[in-house]
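Enquirer:
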Amino acid sequence: MKACARLSVECDSRGDSVVRELRSASPLTLMPRPAARTGGKHAVVHLVGSMTAPLGGDELDLRIRVGAGARLLLRGIAATLALPGHHPGGSRSSVHVEVDDGGTLEYLPEHTVLTRRAEHRAELRVELGARARMRCREILVLGRSGEVPGSLRTSTHVTRQGTPLLRQTLDPGDARRRASAGHLASARVVANEPMMWGSDPPAPVSGDWWSLVPLAAGGSVASAVAADAVTARRRLAEAVRGHPDGTELAKEHW
Amino acid sequence: MTTSGRLAMLALADARFPGGGHVHSGGLEEATHRGVVTRPEELREFLFGRLHGTGELAAVFAAAATHSAAGGAGRQYWLRFDAELDARTPSPAQRDASRAQGRGTARAGRVAWPSSALDELLAATARPHHATVLGVLLGGSGNGTPRDAAAVAAYLALSGSASAAVRLLGLDPFAANAAVTELGPELDRVAERAADTVGDDPADLPAPSAPALDLLAEAHQRHHREEVRLFAS
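Protein chains in written order, with UniProt numbering: chain A, 1 to 254; chain B, 1 to 233.
1) Under the three-state reduction of DSSP, which class applies to residue 130 of chain B: helix, strand or coil?
2) Quick one: what does DSSP say residue 9 of chain B is sitting in, helix, strand or coil?
3) Do the CB positions of residue 45 of chain B and residue 180 of chain A come within less than 8 angstroms of each other?
4) Any Cβ of chain B within less than 8 angstroms of the Cβ of residue 151 of chain A?
5) Exposed or buried, residue 239 of chain A, counting other C-beta atoms within 10 Å across all chains shown (16 or more means buried)?
6) Helix, strand or coil for residue 211 of chain A per DSSP?
7) For residue 171 of chain B and chain A, any beta-carbon pair shorter than 8 angstroms?
8) What is the rounded straight-line gap between the Cα of residue 135 of chain B and the Cα of residue 150 of chain A?
9) Report yes or no: do three or more beta-carbon pairs, one from the segment 79–91 of chain B and one from the segment 119–129 of chain B, lie closer than 8 angstroms?
10) Between the segment 38–57 of chain B and chain A, which residues of the former have CB atoms less than 7 angstroms from a CB of the latter, in chain order?
11) I need the straight-line Cα distance from residue 96 of chain A to residue 219 of chain A, nearest angstrom please.
12) For the candidate residues A:5, A:168, A:226 and A:222, whose alpha-carbon lies nearest to that of residue 45 of chain A?
13) Could you tell me the boundaries of the alpha helix (DSSP H) in which residue 202 of chain A lies?
14) Does residue 108 of chain A come out as helix, strand or coil in the three-state DSSP assignment?
15) Go ahead and label residue 116 of chain A buried or exposed: buried means 16 or more other beta carbons lie within 10 angstroms of its beta carbon, across all protein chains shown.
16) Count the other CB atoms, across all protein chains shown, that sit within 10 Å of the CB of residue 145 of chain B; report buried if there are 16 or more and exposed otherwise.
17) DSSP three-state label for residue 98 of chain B, please.
18) To the nearest angstrom, report how far apart residue 191 of chain A and residue 242 of chain A are at their CA atoms.
19) Under a CB-based cut-off of 8 angstroms, is residue 101 of chain A close to chain B?
20) Counting pairs of beta carbons, one from the segment 194–211 of chain B and one from the segment 53–61 of chain B, are three or more of them closer than 8 angstroms?
21) Please list the terminal residues of the continuous beta strand (DSSP E) segment that includes residue 76 of chain A.
22) Does the beta-carbon of residue 15 of chain B have 16 or more other beta-carbons within 10 angstroms, so that it is buried, or is it exposed?
23) Drop a sphere of 10 angstroms on the beta-carbon of residue 159 of chain B, count the other beta-carbons inside from all chains shown, and report buried for 16 or more, exposed for fewer.
24) Determine contact between the segment 196–212 of chain A and the segment 217–231 of chain B, defined as no fewer than three beta-carbon pairs at a distance below 8 angstroms.
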């Protein structure tokens with residue numbers, strides 16, 4: 001199955017953020033919340049998986065554009081299960097984001113669970129304009145409880161006006177690599193949240209198996225690893241709270 | 001390869017090369033404090049994971065730097081190259097450790113193997129990343145191939161942690177050494193893959209990561225501020 005969904009949000013003459021383009025493509029179903037419920041200053045859209053996906057052979061694309069000064073919260077509703085399916089070649093999902101000058105995107109999907117024999121490739125590419133803000137959360141669960149996960153390769157690229165802020169690829173590889181203290185230290189859950197959010201933490205903040213670090217060219221990343229999703233989320237939340245705007249970022253404010 | 005080329009590669013990989021690598025444990029000190037590395041077998045497994053994240057990233061950038069230095073890359077290129085490696089190193093503790101070793105290696109290397117490529121690199125940044133310097137020293141002087149530089153960078157990602165393990169845990173030095181050499185075939189594969197990507201634009205080079213090692217590096221820095229630690233990273 002091939003699917004390409006599109007979402008575009010712009011700022012209108014009153015300064016309200018309005019959805020200009022919304023094209024769902026099953027299984028990527030986009031459900032906007034009525035402006036009356038959100039106050040209009042920001043658009044809120046829920047991303048709903050309307051079919052079992054991704055399966056082997058699936059190619060899912062999501063393209064998001066946030067116009068100058070507009071605000072979008074795109075939130076996931078349920079966890080995504082990456083499954084093997086009947087087609088060869090594995091599954092692929094890509095999310096391409098553009099945030100124009102002064103725009104804000106919060107992309108908060110639920111976790112992705114990599115099941116046995118799944119072969120999943122995921123890519124997130126974000127291009128930011130001047131003063132654009134974004135946070136994108138990624139929580140990867142390597143196998144359900146007691147399950148040996150399939151293969152995964154997930155890449156994140158964040159650039160601002162062409163300058164690279166963050167590029168990283170996670171390939172948890174085989175059991176040996178996952179178990180190594182020099183790689184994943186037997187963590188089953190890996191959580192990451194790049195935050196390009198105006199101010200950055202002046203110095204790294206860290207605790208046991210979590211950290212919030214300022215990046216070299218601006219922006220920061222909160223990250224955590226854990227044996228289970230609940231602990232990973234708690235550690236990630238602790239890291240996010242260390243951000244100068246941590247109180248705002250920690251609130252489920254929309 | 002010429003005899004002087006072989007010697008340059010051996011000298012750069014030598015623990016006695018005066019580049020300042022001996023003060024870095026590459027996350028191993030923190031791993032020993034948590035009790036996750038206590039025995040030679042655990043050291044070997046730590047190094048295996050280190051090779052496939054941090055080691056591979058160093059190998060990729062060392063190989064690409066060798067290729068670009070031999071091709072006469074200028075200041076603008078090295079600025080972009082530096083920014084691309086920064087973007088792949090989210091942990092400030094690891095960026096600092098890499099630049100500290102890069103600067104030390106550049107100072108010693110400038111005397112041993114001066115080249116216009118090294119001058120171009122140092123004009124772009126006075127504290128280049130370690131992997132970049134290794135590549136420029138070999139490529140700029142015509143003393144090594146991208147694959148040689150990748151092998152040196154990957155080896156140094158392991159040998160520093162292994163010798164730190166001897167000092168921190170009192171491990172049998174023979175066993176610690178064998179933990180490194182057992183990874184020979186793995187290291188060859190990493191170096192070979194790194195050499196395959198040298199023609200790519202710096203923006204498209206691989207970006208392997210190791211989340212737990214990044215967290216150990218940050219925890220090490222935190223403890224370094226709070227209590228005495230033997231190693232800088």
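Every residue, glycine too, gets a C-beta built ideally from N, C-alpha and C.
Nothing here was measured: the structure is a model prediction, and the numbers come from that model.
Expert: Well, looking at it:
1) In the structure shown, residue 130 of chain B sits in a helix (DSSP, three-state: H, G or I).
2) Looking at residue 9 of chain B - three-state DSSP - the assignment turns out to be helix.
3) Yes.
4) Output row for residue 151 of chain A: interface = no.
5) That one is buried.
6) Residue state, collapsed to three classes: strand.
7) So no, residue 171 of chain B is outside the interface.
8) Near 35 angstroms, if we compare the C-alpha coordinates of residue 150 of chain A and residue 135 of chain B.
9) Three or more beta-carbon pairs drawn from the segment 79–91 of chain B and the segment 119–129 of chain B are found closer than 8 angstroms, and the two stretches are therefore classed as touching.
10) Within the segment 38–57 of chain B, the qualifying residues are 45, 46, 47, 48, 49, 50, 52 and 53.
11) Cα to Cα, the separation comes out at about 19 angstroms.
12) Here the closest residue by C-alpha is A:5.
13) It is not in any alpha helix (DSSP H) - residue 202 of chain A carries neither H nor E in the DSSP assignment.
14) Secondary structure of residue 108 of chain A (DSSP, three-state): strand.
15) Exposed.
16) Here residue 145 of chain B is buried. Its C-beta has 16 or more other C-beta atoms within 10 Å.
17) Looking at residue 98 of chain B - three-state DSSP - the assignment turns out to be helix.
18) Rounded to the nearest angstrom, the two C-alpha atoms are 16 angstroms apart.
19) No, residue 101 of chain A lies away from the interface with chain B (no Cβ there is under 8 angstroms from its Cβ).
20) Segments in contact, yes.
21) Where residue 76 of chain A is concerned, the enclosing beta strand (DSSP E) stretches over 71–76.
22) Under the 10 Å beta carbon count, residue 15 of chain B is surrounded by fewer than 16 other beta carbons and is classified as exposed.
23) With 16 or more neighbouring CB atoms inside 10 Å of its own CB, residue 159 of chain B falls in the buried class.
24) The segment 196–212 of chain A is in contact with the segment 217–231 of chain B.
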